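A.B. asks: Residue numbers (UniProt numbering): 1 to 293. We put the beta carbon where it would ideally sit given N, CA and C, even for glycine. Source: prediction; values computed, not measured. Sharing a structure below in structure tokens format, with a few things to ask.
And the structure:
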């Protein structure tokens with residue numbers, strides 16, 4: 001059976017490795033990215049071309065894949081004058097691998113449906129190294145028939161492909177997951193900062209906390225930075241700040257609120273304002289150590 005043609009927009013560290021994996025598995029691709037060096041790398045590997053516009057990419061593709069930074073960027077690429085919506089073919093499917101606002105995802109899905117096209121939101125877990133080997137965790141949602149249509153390709157990209165239900169459930173689950181994880185890291189980082197400010201031995205604090213139910217991989221990441229000065233979580237304060245902001249917006253869209261998320265978001269925003277955004281999330285420890293009343 002002929003493999004579907006794939007259009008892929010977003011060749012950052014994660015997206016670029018996902019494309020390399022698809023190329024190794026024999027897929028024909030059309031790609032776009034603002035970084036022309038990354039586009040050139042993809043084309044040099046063969047079986048890939050560059051599109052001049054999202055519309056052109058959509059016209060050439062059976063499945064369109066996004067690995068983009070924000071909902072605003074996704075909407076710009078979908079709704080622009082030369083955007084995806086202007087060129088998508090009936091029966092095609094858009095897969096959004098980024099972390100987006102669920103209400104935006106649902107809106108895009110409805111507009112694509114009017115063109116006879118489908119959408120799957122499929123945010124990712126694991127690292128760019130897993131992406132290169134097709135071993136990601138994929139949290140997919142959307143119409144079940146549409147999901148089954150693209151699942152063979154998702155199986156080439158993910159070791160674990162979860163189906164979560166109606167469109168938007170993937171992005172919702174990812175935001176909940178990141179809210180929990182990043183709130184944990186921020187709280188634990190402040191715990192280590194409080195110990196340092198109070199003159200309490202941070203290694204002993206870790207030994208005590210890790211011997212009880214608070215022990216977790218996140219605690220170890222925080223300890224590695226606060227105690228061992230090793231930054232190894234691999235998720236930036238900028239990304240955490242974006243995701244917590246999206247979680248707060250999602251809760252507002254649901255007619256609710258989250259004071260916990262708002263507090264975490266406020267701390268992350270402050271760390272970004274202090275020019276710490278490019279650092280890994282446990283590095284917010286330094287912000288808390290230097291925070292004055």
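By the three-class DSSP mapping on this structure, what secondary structure does residue 10 have?
C.D. replies: Within the chain shown, numbered from 1, the residue matching residue 10 stands at position 10. Coil, per DSSP.
A.B. asks: Taking 6 Å as the limit between beta carbons, can you name the residues of its chain near residue 240, skipping five residues before and five after?
C.D. replies: In the chain shown, counting from the first residue as 1, residue 240 sits at position 240. The residues 182, 268 and 281, in chain order, have a CB closer than 6 Å to that of residue 240 in the same chain once the five nearest residues on each side in sequence are set aside.
A.B. asks: Could you name the residues that DSSP lists as bridge partners for residue 303?
C.D. replies: Summary: the structure shown does not reach residue 303, with the chain confined to residues 1 through 293, and so no result is reported for it.
A.B. asks: To the nearest angstrom, report how far apart residue 171 and residue 10 are at their CA atoms.
C.D. replies: Working through the chain shown from its first residue, we reach residue 171 at position 171. Working through the chain shown from its first residue, we reach residue 10 at position 10. Going by the C-alpha atoms only, they are around 18 Å apart.
A.B. asks: Would you mind sorting residue 61 into buried or exposed? The rule is 16 or more other CB atoms within 10 Å of its CB.
C.D. replies: Start at 1 with the first residue of the chain shown, and residue 61 comes out as number 61. By the 10 Å Cβ count, residue 61 comes out buried.
A.B. asks: If you compare alpha carbons, which of 138, 244, 237 and 215 is closest to residue 67?
C.D. replies: The count along the chain shown starts at 1 and reaches residue 67 at position 67. Checking every option, the nearest Cα to that of residue 67 belongs to 138.
A.B. asks: Can you tell me which of the three DSSP states residue 200 falls into?
C.D. replies: Walking along the chain shown from the start, residue 200 turns up at place 200. Reduced to three states, the DSSP call for residue 200 is coil.
A.B. asks: Which term fits residue 33, buried or exposed, when burial requires 16 or more other beta carbons within 10 angstroms of its beta carbon?
C.D. replies: Here the question's residue 33 lines up with position 33 in the chain shown. So residue 33 counts as buried.
A.B. asks: Which two residues bound the contiguous alpha helix (DSSP H) that contains residue 109?
C.D. replies: Translated into positions along the chain shown, residue 109 becomes position 109. Residue 109 -> alpha helix (DSSP H) spans 102 to 113.
A.B. asks: May I have the straight-line CA-CA distance separating residue 274 from residue 143, to the nearest angstrom?
C.D. replies: The residue you call residue 274 lines up with position 274 of the chain shown. The residue you call residue 143 lines up with position 143 of the chain shown. Near 43 Å, if we compare the C-alpha coordinates of residue 143 and residue 274.
A.B. asks: For the beta strand (DSSP E) that contains residue 227, what are its first and last residues?
C.D. replies: Translated into positions along the chain shown, residue 227 becomes position 227. That residue, residue 227, is in no beta strand (DSSP E); it is neither H nor E in DSSP.
A.B. asks: What does DSSP give as the partner residues of residue 118 in its beta bridges?
C.D. replies: Numbered from 1 along the chain shown, position 118 holds the residue referred to as residue 118. Residue 118 pairs with 93.
A.B. asks: DSSP three-state call for residue 22: helix, strand or coil?
C.D. replies: Locating residue 22 in the chain shown gives position 22, where the first residue counts as 1. Note: residue 22 maps to helix in three-state DSSP.
A.B. asks: Is the distance from the Cβ of residue 50 to the Cβ of residue 69 below 9 Å?
C.D. replies: What you label residue 50 is simply residue 50 of the chain shown in a count that begins at 1. What you label residue 69 is simply residue 69 of the chain shown in a count that begins at 1. Contact flag unset, no.
A.B. asks: Please return the same chain residues whose Cβ sits closer than 8 Å to the Cβ of residue 231, not counting the five positions on each side in sequence.
C.D. replies: Here residue 231 refers to the residue found at position 231 when the chain shown is read from its first residue. Result list for residue 231: 224, 225, 279, 280, 282 and 283, in chain order.
A.B. asks: Kindly give me the distance between the Cβ atoms of residue 146 and residue 78, rounded to whole angstroms, as I take these residues to be in contact under 8 Å.
C.D. replies: What you label residue 146 is simply residue 146 of the chain shown in a count that begins at 1. What you label residue 78 is simply residue 78 of the chain shown in a count that begins at 1. Wrong, their Cβ atoms sit about 17 Å apart, outside the cutoff.
A.B. asks: Name the residue from 110, 132, 221 and 95 whose alpha carbon lies nearest to the alpha carbon of residue 120.
C.D. replies: Walking along the chain shown from the start, residue 120 turns up at place 120. For residue 120, the nearest C-alpha among the options comes from 95.
A.B. asks: Helix or strand or just coil, what does DSSP make of residue 237?
C.D. replies: On the chain shown, position 237 is the one that residue 237 refers to. In this structure, residue 237 counts as helix in the three-state DSSP scheme.
A.B. asks: Comparing alpha-carbon positions, which option in 23, 248 and 17 lies nearest residue 257?
C.D. replies: In the chain shown, the residue the question calls residue 257 occupies position 257. Taking only the C-alpha atoms, the option nearest residue 257 is 248.
A.B. asks: Could you check where the alpha helix (DSSP H) with residue 264 kicks off and where it finishes?
C.D. replies: Within the chain shown, numbered from 1, the residue matching residue 264 stands at position 264. Looking at the DSSP string, the run of the alpha helix (DSSP H) that includes residue 264 is 259 to 273.
A.B. asks: Starting from residue 310 and walking both ways along the beta strand (DSSP E), at which residues does that stretch end?
C.D. replies: In the structure displayed, the chain extends from 1 to 293; residue 310 sits before or after that span and is not available.
A.B. asks: Is it buried or exposed, residue 243, if we count other Cβ atoms within 10 angstroms and call 16 or more buried?
C.D. replies: Here residue 243 corresponds to residue number 243 of the chain shown, with the count starting at 1. Residue 243 should be labelled buried.
A.B. asks: Within its chain, find whatever has a CB closer than 7 Å to the CB of residue 164; leave out the 5 residues flanking it on each side and keep chain order.
C.D. replies: Locating residue 164 in the chain shown gives position 164, where the first residue counts as 1. Within the same chain, residue 164 has close Cβ partners 139, 140, 141, 170 and 173.
A.B. asks: So, with DSSP's three-state summary, where would you put residue 208?
C.D. replies: One-based indexing of the chain shown puts residue 208 at position 208. Looking at residue 208 - three-state DSSP - the assignment turns out to be helix.
A.B. asks: Quick one: any contact between the region 13 to 29 and the region 124 to 131, if contact means 3 or more CB pairs under 8 Å?
C.D. replies: yes
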